[in-house]
Structure formats: structure tokens, C-alpha cells
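Residue numbers (the working numbering): 7 to 196.
Beta carbons are placed, not taken as given, at the ideal position from N, Cα and C, and that holds for glycine.
Computed from a predicted structure; not experimentally measured.
Below is the structure:
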């Protein structure tokens, strides 16, 4: 299975938690079906990226990075690489590289889809079609800041940094609720 095939299978089988996420699922699925290069950063109209919201072992804190280029706090993630076995592996690789945490465990189920405009490292305006997952750090995890970050720190899931994007706040809320076994606003278990 190719990286692109893994994206297609994941999106085709994902039961989105709400109509907005289902609409994004359909749009990204159609884009990936139409573009053989949809998982490559060279795909200028947009390309698939993979990210992971990292929770601590208790599920009470999330690890966020103050992204150097974006200038805001975000979950860990980035571009898919040729060597990634699938999109879940890409998200885990990115989270490990950007956190320095050994032993991260990633939930293979998709948590959310987010599409946002960005100017990539190639200097060209594009869109990231971000497939978002949840990862769990082991107890006592030590973090190490990467060169992509201005800062890296744990934040309580109920006290995110000022200016946190609504989509990130929603992802954190769903992930923390799922970790505690609560049901979300749709009445589904996470």
C-alpha cells in the first residue's frame, strides 16, 4: 500500500464526528483521488500533511510547539516523506522528530481533518490538507525542542495558550474527552 493509498483508505472509512468534518473529509478525499501527487509537498494546489496531538500519560496535558514560521502554538506535524509507510507513520515520525519524545504511541484512527492556507518552505502559497491523529507520551517523557520550533511545552488541556486557534482547541477537547471515555457533543464515544 502506498502513502496515497493509506490516505484514501483512511478517509473513505472514517466516520466523521460532525457534518463540517464530513464535508472536509469528502473534499480532501476528492482532491486526493484527483491528484496522484497529493501527498507530495511539490503539489502546489495543496498537499496532505500529517499531525499528532500529543497527550501526556494522564491525558491532562498536551504538548504544543510554538512554530517558528507560523508564530503560533500548534500540534506537532508536517509533510509526508517518501519513506513513510502510511499517513499514520508520517504523523508519528513528525511528532517524534518535533518533540524528542521516545516511545510515543499513536491512535491509528483519524481524529480530525483541517485545511489551512500556508506558504511552505518552497516559498509558494498552498494549502495543507492536514490529517490529525492523537498520540500518547509515556510517563516521565522528556521533550527536546527541534529547529522548527521557537518553544515546546506541555499545556493543561483546559488552559491552552492565549490565541489558540478554534480548530486546535476543538481537537484538544475531543482528544481529552476521548481519553477520559466521555462522549462528545454528538453523543458518540470518542
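Straight-line gap, residue i to residue j (C-alpha atoms, nearest Å)
i	j	result
residue 165	residue 36	36 Å
residue 145	residue 121	32 Å
residue 140	residue 110	10 Å
residue 29	residue 108	35 Å
residue 76	residue 168	15 Å
residue 151	residue 135	25 Å
residue 154	residue 102	13 Å
residue 192	residue 175	Unreliable placement is indicated for residue 192, whose pLDDT of 30 sits below 50; no coordinate value is reported for it.
residue 130	residue 21	33 Å
DSSP state of residue i mapped onto helix, strand, coil
i	result
residue 31	helix
residue 162	strand
residue 196	Residue confidence is low: residue 196 scores 39 on pLDDT, short of 50, so the model does not pin down where it sits. No coordinate-derived value is stated.
residue 46	coil
residue 180	helix
residue 168	coil
residue 67	strand
residue 76	coil
residue 155	strand
residue 18	helix
residue 56	strand
Residue i burial status per 10 Å Cβ neighbour count (16 or more: buried)
i	result
residue 2	Examination of residue 2 is not possible in this model, given that the chain is present from 7 through 196 alone.
residue 40	exposed
residue 178	buried
residue 97	buried
residue 17	buried
residue 92	buried
Distance between beta carbons of residue j and residue i, contact taken as under 8 Å
i	j	result
residue 57	residue 83	2 Å
residue 125	residue 52	At roughly 13 Å, the Cβ-Cβ gap does not stay under 8 Å, so residue 125 and residue 52 are not in contact.
residue 138	residue 119	7 Å
residue 32	residue 55	In fact, because the Cβ distance is near 18 Å, the residues do not count as touching under 8 Å.
**Study point:** Whole runs of the beta strand (DSSP E) within the stretch 80-141, excluding any shorter than 3 residues
**Key:** Counting only runs of at least 3 residues, the stretch 80-141 fully encloses the following beta strand (DSSP E) elements, listed from N- to C-terminal order: 82-85, 118-125.
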